[in-house]
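The structure appears right after this line, and notes come after that.
Number of protein chains: 4
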Amino acid sequence: MGDLLGVAVLGAGHMGADHIRRLDRVVSGARVAAVADPDAARAKEAATGIEGVTVHTEAEAALDAPGVEAVLIASPGPAHQEALLAAFARGLPVLCEKPMVPDSAGALRILEAEARLGRRLTQIGFMRRYDAGYRRLKALLDDGRLGRPLMLHCVHRNVSSPPGFTSAMLIDSSVSHEIDAARWLLGQELTAVTVRRPRPSSGAPQGLLDPQFVLFETDGGALVDVEIFVNCGFGYQVRCEAVCKAGSARIGDDQGVLVTTGGAAGADVPQDYLVRFADAYDREIQSWVDATRRGLVTGPTVWDGYAASAVAEAGIRALESDTCVPVELAPRPGLYSPAGP
Amino acid sequence: MGDLLGVAVLGAGHMGADHIRRLDRVVSGARVAAVADPDAARAKEAATGIEGVTVHTEAEAALDAPGVEAVLIASPGPAHQEALLAAFARGLPVLCEKPMVPDSAGALRILEAEARLGRRLTQIGFMRRYDAGYRRLKALLDDGRLGRPLMLHCVHRNVSSPPGFTSAMLIDSSVSHEIDAARWLLGQELTAVTVRRPRPSSGAPQGLLDPQFVLFETDGGALVDVEIFVNCGFGYQVRCEAVCKAGSARIGDDQGVLVTTGGAAGADVPQDYLVRFADAYDREIQSWVDATRRGLVTGPTVWDGYAASAVAEAGIRALESDTCVPVELAPRPGLYSPAGP
Amino acid sequence: MGDLLGVAVLGAGHMGADHIRRLDRVVSGARVAAVADPDAARAKEAATGIEGVTVHTEAEAALDAPGVEAVLIASPGPAHQEALLAAFARGLPVLCEKPMVPDSAGALRILEAEARLGRRLTQIGFMRRYDAGYRRLKALLDDGRLGRPLMLHCVHRNVSSPPGFTSAMLIDSSVSHEIDAARWLLGQELTAVTVRRPRPSSGAPQGLLDPQFVLFETDGGALVDVEIFVNCGFGYQVRCEAVCKAGSARIGDDQGVLVTTGGAAGADVPQDYLVRFADAYDREIQSWVDATRRGLVTGPTVWDGYAASAVAEAGIRALESDTCVPVELAPRPGLYSPAGP
Amino acid sequence: MGDLLGVAVLGAGHMGADHIRRLDRVVSGARVAAVADPDAARAKEAATGIEGVTVHTEAEAALDAPGVEAVLIASPGPAHQEALLAAFARGLPVLCEKPMVPDSAGALRILEAEARLGRRLTQIGFMRRYDAGYRRLKALLDDGRLGRPLMLHCVHRNVSSPPGFTSAMLIDSSVSHEIDAARWLLGQELTAVTVRRPRPSSGAPQGLLDPQFVLFETDGGALVDVEIFVNCGFGYQVRCEAVCKAGSARIGDDQGVLVTTGGAAGADVPQDYLVRFADAYDREIQSWVDATRRGLVTGPTVWDGYAASAVAEAGIRALESDTCVPVELAPRPGLYSPAGP
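Protein chains in written order, with this note's numbering: chain A, 1 to 341; chain B, 1001 to 1341; chain C, 2001 to 2341; chain D, 3001 to 3341.
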């Protein structure tokens, strides 16, 4: 199969299976060479119908399978650290789904490990950087015509949270997308975080502090506020408005089909992030495959993964303490330049 | 009551009662001095609570009542011709609801009668000229930045038609608003009309040709197309897009409150023209009162009323003959300049 | 002039002159009976062309002028306390422009004075309660179909601030509109306030902390956040989104005329609040005149004026201290029920 | 290269080169096996960097090149007929860009040729059927909740027309997209066509009748109107509104990034169809590759290509004669069912 990039996919759950389908049937230039999941049946099902793939229950076995030239990590967060170190040991380029590593101490170990390698192997799966709307917003902010960004107003709503979702996960699982998007859009680090919350919605599971309102400060003197509401019931909505010195720019209000019927004019709201960001996932994986085949590593870095962990941890402390909590970051290794994908 | 303009209102039906309320309680500088309706009870009810008003069953008696200085004609169309001539005979300024006179022959008699007076007494109630959206669109076309208008795309939808509404009334009662709006926005006369229609909607009463699609040509080389659909069921919608040499401009998509709930994002659609155009009616009557108190006559003229009748009649012939029918207008008397209100 | 309500207008500046014009030429049922301004020339100019009006340099003289039955206070804030007490002494119904009294201690004196009268004489000029969009939003929240309100996201932008505008005035002059609107929309009191701010825009005058981001908590467990940016340069924008248990509702994105030209599709943004809220001012004054003529007092109360002062003062302390500051309100006299206009 | 579909691309101009890039770098499961263009340098340049491709000046040589399993025809329209017959002779599946064949007589010959084969080999490149907006509109019409479609209002605007564009090409090159989209959306044939036109825009080249307004009738009793304006100057805009018995649905007003600056709020308008419909082209080609690898032929048929030609020819006669011209279609061979992709 010559020049198709052979990819080992670790994890065959919801996200892993979607990426396997994407590599097999959507993007150009790659093939799925190996699939690993502790649940052998799940791994096998996800690999069904793919020519030349091998199926494994151990991640390392998949990395060593014939034809594997790169790794896509879509296993649960706690398994990421070991998988990343295994990929580093083999010199394999890797796309690692977010969170890179759930805790900032572990994230720091990955940062140090890649820095010791002296070269980047890893792209982190912050896929909003590949969404057409976010990219247009980024281009607009970068071209300077609106002047310096002063504030970002963000809204992030899910229909409902999965079982076991905790109040802290609103921040480290959901707001982590806005943490990365804000750092990337502004080209700034987040330096402090405050969390306020209304009395929880009666639509949220008992005990879950949902919604929350998170307010970040940046080292460039900007503010970033985020409404996170994971049991809003009415749809999946992601909006972002940048308010700058000379204008504002907003994404996330596209209407698709405007339907007027029965006394109301409106549009359907997508119910799921895989619908809203389907194109972004496609573009992200295509971009990773293209860069990897050319021997390059682009996109969000291990530094971005580490910073997101550290900011999210400060956010959780802010939620628990009801105070403004500063974010403390380790020094940034020279390997990681501020440029985005 | 000194300097308040004393107005006789002819007709105390739906529209007349609304105008009586407006004169009494909304606009400044006028009072209702007399009300006439053949149905004495209806006239009395509409006049309830108004100080110093007299109530009549004969239009002429109302015109001759004490304190009457001006006339607002809101009686059914067939009564307009006689009422207008009675106002002319007394030299009273008049605001006449549309249609000025239902048929173009009668309209021509009014045109000739006012022309013989040698001065304007009459403003015709084409209230879209007073709607904020239409006025902004007119200002935009007049300032020239979009270049010469090439096409107007118009949409006019009602929830349902009143009992007795005929296929011809889609044109001479409903599209007559677009006929005047197009003449006013473009500053051009309509010269020909074609009507096409799909198979009628199953939501329309049996036998009513609804919707229809009406296509006008103008003496300035523009096209005007109108979707008229009077039993659309879903709301009252009026849209107008002007397509010009260097840009387009569209009104009628305002959203009011954007509500997102249950998987859809949207806005309520008004159900009635008295809701959609409430401000326009207020502005129209205030403007008429203000001008009349200063001894002026502004707004749509008898020529505009006549031209609307003549174009609508050609439209009905086009509907019946399925051909393109030319519009033939009598010569325009010098009294009527093309300027709008 | 019989039953027209005779109004004394105190203050003939920008706002006072606009209200004089409105009483004289827009609303129904009132007339300007007296005008007072320390600048006699300004008072005279504002009264030009109005029949039967008297002109004064002293507020009390105007209140005692012949035909005065009600008072509209549009003088600068520091003059309001004395004018209100003078109106109370005469038993005159009064519409008082915001701020009712600039400081909460003075506001409390007015509250106590009207409470001693045992009846309401005063309506405070929070005109957003009369804006069509806000009213539809209020009706939507009140009808309960969206469930309990959890958050209000507010945006308030001005093209530029007038000379002498201070960092505190962003809160007590500008955000005071959102303070009242939030209290009214939610039917809740604001209990605490935090202010965060980015590095000021280079478009703001040197030394002015502009923009600011203000976060309120309420006694009903809701959050209210406000972006206030008074030198945004690009237009006057007021938006409000209510996020509820079962849906969200947003006002302030109306587009008027959608113009497409030269590679962009968009709409003009109004440059001024007198343009954006012209209809709200008309409705407010008409409503006041109508109620007063019927011997009623409706609309925002002295309690609303006092609460706005107290919340704004806490906001200024929050800005200066960079902490969360609680709002402390005096007990609410029985005279003031929570109902809005 | 095992199971990658080997594709011969005929034509290496603007569209051909874009498809070569798409097959090579965007879609999954295909490779470019051969490129043909009479301009050898152009063919070579388009093939640069592609492994295993051969380059030709003759279309038939490309079809016979090693590894060719399917054909994508992107040569100029007059070359299509011969290329299609050559593909038929070799039993090769083919994707043929629109117009299938420029004249309906030639289109009929292709229809008869494929019908003689007794199986479908050909998909026609009507890519709007693959646009996300059109697909949602089609799904909405098909699910029946809006009731029977009565009218389609279509707008199709280009910034400027290429050199040599004729008045007839507004119909057979531009409106042909709406002809196919209307047939597909409604599942009906177009039976008659009328063309009206305003005085041409001064922005159009001398002698070009631009814009035009085209009105179709269908065998299902619907109307379809199309504004075609190929020198509008301000952007590439494609809109479509379906008006049904119980509601309307509109696509084409997406705003992307809403930018507010300098007194205006709006969004950029794309300047080019390759920008607006980039995703649709990707989806179209991916869909064709996927079907072809599974031995299937889906998507728009030769019948669709023929019908578009016949309707466009009637449209040109309607433009020239200023009358309503009926569309006459040959009998539909049993091979072609009405189903879309």
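Every residue, glycine too, gets a C-beta built ideally from N, C-alpha and C.
As the structure is a prediction and not an experimental result, all values here were calculated from the model.
In whole angstroms, give me the CA-to-CA distance for residue i and residue j.
i	j	result
residue 193 of chain A	residue 2309 of chain C	29 Å
residue 2283 of chain C	residue 2289 of chain C	10 Å
residue 1178 of chain B	residue 2299 of chain C	40 Å
residue 1230 of chain B	residue 1237 of chain B	10 Å
residue 2082 of chain C	residue 2106 of chain C	10 Å
residue 3003 of chain D	residue 3068 of chain D	12 Å
residue 344 of chain A	residue 3252 of chain D	Missing from the structure shown is residue 344 of chain A; chain A here goes from 1 to 341 and no further.
residue 2028 of chain C	residue 3264 of chain D	35 Å
residue 166 of chain A	residue 1281 of chain B	56 Å
residue 149 of chain A	residue 5 of chain A	40 Å
residue 2026 of chain C	residue 1286 of chain B	8 Å
residue 3336 of chain D	residue 3301 of chain D	7 Å
residue 3164 of chain D	residue 3207 of chain D	11 Å
residue 2038 of chain C	residue 2291 of chain C	29 Å
residue 1239 of chain B	residue 3254 of chain D	18 Å
residue 293 of chain A	residue 2312 of chain C	60 Å
residue 225 of chain A	residue 3183 of chain D	48 Å
residue 304 of chain A	residue 227 of chain A	22 Å
residue 3140 of chain D	residue 3134 of chain D	10 Å
Roughly how far, in whole angstroms, is the beta-carbon of residue i from the beta-carbon of residue j, given that I think they are within contact range, below 8 Å?
i	j	result
residue 2174 of chain C	residue 2156 of chain C	6 Å
residue 3209 of chain D	residue 3197 of chain D	5 Å
residue 1121 of chain B	residue 1094 of chain B	6 Å
residue 3052 of chain D	residue 3033 of chain D	7 Å
residue 1123 of chain B	residue 1297 of chain B	6 Å
Using 7 Å as the threshold, is the C-beta distance between residue i and residue j below it?
i	j	result
residue 3058 of chain D	residue 3073 of chain D	no
residue 2259 of chain C	residue 1249 of chain B	yes
residue 2317 of chain C	residue 2325 of chain C	yes
residue 180 of chain A	residue 126 of chain A	yes
residue 1035 of chain B	residue 1012 of chain B	yes
residue 3054 of chain D	residue 3070 of chain D	no
residue 2277 of chain C	residue 3262 of chain D	no
residue 2085 of chain C	residue 2008 of chain C	no
residue 1232 of chain B	residue 1146 of chain B	no
residue 2215 of chain C	residue 2151 of chain C	no
residue 2110 of chain C	residue 2315 of chain C	no
residue 1088 of chain B	residue 1115 of chain B	no
residue 1195 of chain B	residue 1108 of chain B	no
Sorry if obvious, but does the Cβ on residue i come closer than 6 Å to a heavy atom of the ligand SAM?
i	result
residue 3032 of chain D	Absence of the ligand SAM is noted for the structure shown, with no ligands found whatsoever.
- Message: Quick test of the definition: if touching needs 3 or more C-beta pairs under 8 Å, does the stretch 3299 to 3314 of chain D touch the stretch 3261 to 3276 of chain D?
- Response: In short, these stretches do not touch, since the Cβ pair count stays below three.
- Message: Under 8 Å: do the stretch 1212 to 1227 of chain B and the stretch 1183 to 1193 of chain B share three or more Cβ pairs, one atom per stretch?
- Response: Enough Cβ pairs lie closer than 8 Å, so yes.
- Quick check: the stretch 2042 to 2054 of chain C against the stretch 2018 to 2027 of chain C, are there 3 or more CB pairs under 8 Å? Contact between the stretch 2042 to 2054 of chain C and the stretch 2018 to 2027 of chain C is present, because at least three Cβ pairs lie under 8 Å.
- State whether the stretch 2100 to 2113 of chain C contacts the stretch 2073 to 2091 of chain C, with contact taken as three or more CB pairs (one from each stretch) at a distance under 8 Å. The stretch 2100 to 2113 of chain C vs the stretch 2073 to 2091 of chain C: in contact.
- Mind listing, in chain order, the continuous beta strand (DSSP E) runs of no fewer than 3 residues lying wholly within the stretch 3174 to 3229 of chain D? Whole beta strand (DSSP E) segments, 3+ residues: 3190 to 3196, 3212 to 3218 and 3223 to 3229.
- Message: What ranges does the beta strand (DSSP E) occupy inside the stretch 108 to 185 of chain A, keeping only unbroken runs of at least 3 residues that lie completely in it?
- Response: Within the stretch 108 to 185 of chain A, the runs of beta strand (DSSP E) at least 3 residues long that lie entirely inside it are, in chain order, 122 to 125 and 149 to 157.
- Item | Runs of alpha helix (DSSP H) wholly within the stretch 2222 to 2298 of chain C (minimum 4 residues, chain order) | Positions of the alpha helix (DSSP H) runs, each at least 4 residues long and wholly inside the stretch 2222 to 2298 of chain C, are given as 2273 to 2276 and 2278 to 2293 in order along the chain.
- Length-filtered (4 minimum) alpha helix (DSSP H) runs lying within the stretch 58 to 82 of chain A: Restricting attention to alpha helix (DSSP H) runs no shorter than 4 residues, the stretch 58 to 82 of chain A encloses them at 59 to 63, ordered along the chain.
- For the stretch 3024 to 3056 of chain D, list the alpha helix (DSSP H) runs that are entirely contained and at least 4 residues long, ordered along the chain. Segments of the alpha helix (DSSP H) lying fully in the stretch 3024 to 3056 of chain D: 3040 to 3047.
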